[in-house]
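>
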Amino acid sequence: MNNHHRQTAPFVFFSILFLLHPSHAQPHPHTVCIIGSGIGGASVAHFLRLYSDDPQSIGQITIFERNGVVGGRMATVTIAGETFEAGGSILHPKNYHASNYTDYLNLQVKKPNHADDSLSLGIWDGHKFIYRTLNSNSKLPIIQRFVSIANSIKLLVRYGVFSLLRMDSFVEVMLNKFLRYYEGFEARPVFESVEGMLKWAGLYNLTTRTLGDELVEAGLSSLLIQELVTVITRINYGQSVNMSGLAGAVSLAGSGGGLWSVEGGNWQMAAGLINRSDVDLHLQEEIESISYMGDFYELNSTKGKSYSCQVTVVATPLDELDILFNPRISIPPRKLQHTHATFVRGLLNPGYFGLKVLSDIPELVGTIESDDLPFSSISILKQHEKDMTYKIFSREPMTDALLDDIFSSRVETIKINWGAYPHYEAPERYAPFILDNNHLYYVNAFENAASSMETSAVSAENIARLILSRLPDKVDKNSPNLKSGDSSDMHSEL
Ligand SMILES: Cc1cc2nc3c(=O)[nH]c(=O)nc-3n(C[C@H](O)[C@H](O)[C@H](O)COP(=O)(O)OP(=O)(O)OC[C@H]3O[C@@H](n4cnc5c(N)ncnc54)[C@H](O)[C@@H]3O)c2cc1C
Ligand SMILES: *[C@@H]1O[C@H](CO)[C@@H](O)[C@H](O)[C@H]1NC(C)=O
Ligand SMILES: *[C@@H]1O[C@H](CO)[C@@H](O)[C@H](O)[C@H]1NC(C)=O
Ligand SMILES: *[C@@H]1O[C@H](CO)[C@@H](O)[C@H](O)[C@H]1NC(C)=O
Ligand SMILES: *[C@@H]1O[C@H](CO)[C@@H](O)[C@H](O)[C@H]1NC(C)=O
Ligand SMILES: *[C@@H]1O[C@H](CO)[C@@H](O)[C@H](O)[C@H]1NC(C)=O
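Under mature numbering (1 follows the signal peptide of the UniProt record, and there is no 0), read the sequence shown as residues -25 to -1, 1 to 469, first letter to last.
Structure (structure tokens):
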């Protein structure tokens, strides 16, 4: 860190000092501090490097991560010697940032074990399966094909052809609007607010109403909404169709075909981007306070250290953190939805589901909204020779007594409590991207629209452009314009 950044004298004196000091005759690159090493923080670093053609504009980039590993909500869990995604797991074929990162970093794409239509699904209401697909254990393609057709017919009969088509087109319309965020710089402005960003793409209205209301208006049958759609929102966001419409639409998109993940773990996207962006990474260092000091921010960490940064980026949800902001910032209150991810190596108990044999239990057990349902979903992650690895999502922790009911045997159990994503309530209200009108930025303001790995990357890309467009010292320090160029900006804050 440069000592000059620590001084608190008015900016004019700072500038004079600056000019007198021969080694600083060049414009001085800006130090950027990023809090959080998830895909959001890693993407900000990546795009800052990618977009700053002038090497003098962005200097040191430091990322602070309170955990011992990078990736945040992209993390793996190892159970019985095998590794699975514990947090953000599935990517959509149109998640272009994630897809480009995977190419750029030479990572491998992993397709799900099952072709999507061969995975058996059952919808459990707490007492019985109200809907289930046929399960084919046949290896014969002709039989599989037949079962798949039979399942399609079953689906169409229960939920209605038109309802299903309307659901498809509802998702398609949303996706096409979202694609505008990949347009080139000429066509796509830099957004200063989440509202502005959503309105420009035509997505804002979806965040002002519930998914349920949107789907009723789109003409979906209420059975489809209460069952299949509910199953999907419960799996992807742990919430009902009362969640807001855009996040709901994103979760429906996450149930389509062509889904993928990164072989070995999605967290490697963050690790790779950080590795290649010339970042000074501070693991196990939590930022406790962020103080605006006039021409820089002072960040204090739990290690008792202080850092000065001209630009500070918060790349983590602020909802459950107690970072002290000085001066205080004010953002709309938001609750996080906690999702308990429980991983079990063992065997389900068919008796719990009123069944006689294990193979009658669908590979994916989804659920509808009902007070007496202790879990949102149970799915098979992997079939081993004698037993399986399952993943359970629930809103409340799974107690051992409950697990002993649901499973006939358990070799290993791992429980993770995630502050997973916002609890979506329409109409959504947004924190600003720029928290203080200066150089304090907030990537996760966009999470009220929809939380996913890709939306974090999309928000981060915009934030990188926003930072570069608002750098205070775009003017050459040696030019006579120095004072008029910068001082107005700075003095208003002193
Ligand atoms: C169970 C679960 C399933 C999900 N499924 C999917 C899915 O299938 N597909 C999908 O796209 N998305 C999914 N998501 C959502 C997705 O994982 C997140 O939206 C995304 O990873 C968020 O990335 P981020 O970088 O914005 O935040 P995070 O990944 O949360 O990163 C923030 C980082 O900041 C660190 N941090 C916080 N405070 C401080 C501090 N004071 N000082 C230093 N460091 C700090 C945290 O430790 C964390 O590492 C899922 C999430 C969960 C929990
Ligand atoms: C992904 O990479 C391709 C090829 O380099 C590029 O044309 C495209 O714009 C990139 N997409 C995004 C979203 O950056
Ligand atoms: C959003 O809603 C407003 C007010 O109801 C309406 O005027 C506008 O046309 C809608 N925008 C889109 C893109 O549907
Ligand atoms: C959804 O909201 C409606 C109206 O507020 C309420 O009656 C209903 O119980 C809610 N449903 C769920 C599953 O929370
Ligand atoms: C970092 O990237 C370089 C290539 O730029 C690669 O050789 C190295 O293995 C990477 N390190 C990690 C820890 O990923
Ligand atoms: C941060 O640390 C510095 C140096 O130790 C100290 O002077 C300052 O008061 C601290 N700021 C806050 C907000 O605690």
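Note that CB positions come from ideal geometry on N, CA and C, so glycine has one too.
Which parts of the stretch 17 to 47 are runs of the beta strand (DSSP E), unbroken and 3 residues or longer, counting only runs that do not cross its ends?
33 to 40
> Quick check for students: name the residue ranges of the alpha helix (DSSP H) that lie wholly in the stretch 162 to 222, counting only runs of 4 or more.
169 to 176, 186 to 192, 205 to 212
> Which residue from Lys129, His5, Val45 puts its Cα closest to that of Ala290?
Val45
> How many Å lie between Ala395 and Ile54 at the Cα?
21 Å
> Exposed or buried, what is Phe271 when buried is set at 16 or more other beta-carbons lying within 10 Å of its beta-carbon?
Per the 10 Å Cβ criterion, buried.
> How is Arg320 classed by DSSP in three states: helix, strand or coil?
strand
> Taking the alpha-carbon of Ala228 as reference, which of His313, Ile306, Ala425, Ile336 has the nearest alpha-carbon?
Ala425
> Just to confirm before moving on: does the CB-CB distance between Val7 and Val286 stay below 9 Å?
yes
> What does Arg393 pair with, by DSSP beta-bridge criteria?
For the record, residue 393 in the displayed sequence is Trp; it is not Arg. Per DSSP, Thr314.
> What are the start and end residues of the beta strand (DSSP E) that includes Val52?
51 to 54
> Report the option in Gly239, Asp297, Asn301 whose CA atom is closest to the CA atom of Gly269.
Asn301
> Does the stretch 323 to 333 come close enough to the stretch 433 to 441 to have 3 or more Cβ pairs within less than 8 Å?
no
> Nearest-angstrom Cα distance between Asp297 and Gly223?
29 Å
> Name, in chain order, the residues that DSSP records as bridge partners for Arg385.
Gly321
> Out of Leu66, Ile10, Ser384, state which residue places its alpha-carbon closest to the alpha-carbon of Leu333.
Looking at the Cα atoms, Ser384 is the closest of the given residues.
> I want to check one thing, is the minimum distance from the CB of Asp78 to the heavy atoms of ligand 2 below 8 Å?
yes
> Does the stretch 367 to 386 come within contact of the stretch 119 to 134, defined as at least 3 CB pairs closer than 8 Å?
These segments do not touch.
> Where does the unbroken beta strand (DSSP E) through Phe153 begin, and where does it stop?
For Phe153, no beta strand (DSSP E) encloses it; the enclosing alpha helix (DSSP H) starts and ends at 136 to 153.
> Going by beta carbon distance, what residues of the same chain come within less than 6 Å of Ser(-3), once the five residues before and after it are set aside?
Unreliable placement is indicated for Ser(-3), whose pLDDT of 41 sits below 50; no coordinate value is reported for it.
> Indicate, with yes or no, if ligand 3 has a heavy atom lying under 8 Å from the CB of Asn151.
no
> In the DSSP assignment, what are the bridge partners of Asp255?
Thr37
> In the DSSP assignment, find the alpha helix (DSSP H) that holds Glu57 and state where it starts and stops.
Counting along the chain, Glu57 falls outside any alpha helix (DSSP H), though it belongs to the beta strand (DSSP E) covering 57 to 60.
> Can we count Val288 as close to ligand 1, meaning its CB is less than 8 Å from some heavy atom?
no
> By Cβ distance, which residues of its chain are closer than 8 Å to Gln358, with the 5 residues on each side in sequence left out?
none
> Would you mind reading off the limits of the alpha helix (DSSP H) that contains Arg440?
Its alpha helix (DSSP H) spans residues 428 to 444.
> Taking 8 Å as the line, does the beta carbon of Tyr396 fall inside it for any heavy atom of ligand 1?
Tyr396: yes, Cβ under 8 Å from ligand 1.
> According to the neighbour-count rule (16 or more other Cβ atoms, all chains shown, within 10 Å of its Cβ), is Lys185 buried or exposed?
The sequence given here places Thr at residue 185; Lys does not occur at that position. Thr185 comes out buried.
> Which value, in whole angstroms, describes the spacing of the CA atoms of Asn211 and Ser74?
20 Å
> Whose CA, out of Tyr179, Tyr365, Leu339, Pro402, lies closest to the CA of Asn110?
Leu339
> To the nearest angstrom, how far is it from the Cα of Ile10 to the Cα of Glu40?
Ile10 and Glu40 have their alpha carbons spaced roughly 6 Å apart.
> What residue range is occupied by the uninterrupted alpha helix (DSSP H) comprising Asn250?
242 to 250
> DSSP beta-bridge partners for Val237?
Val84
> Arg120 to Leu94, Cα distance in whole Å?
13 Å
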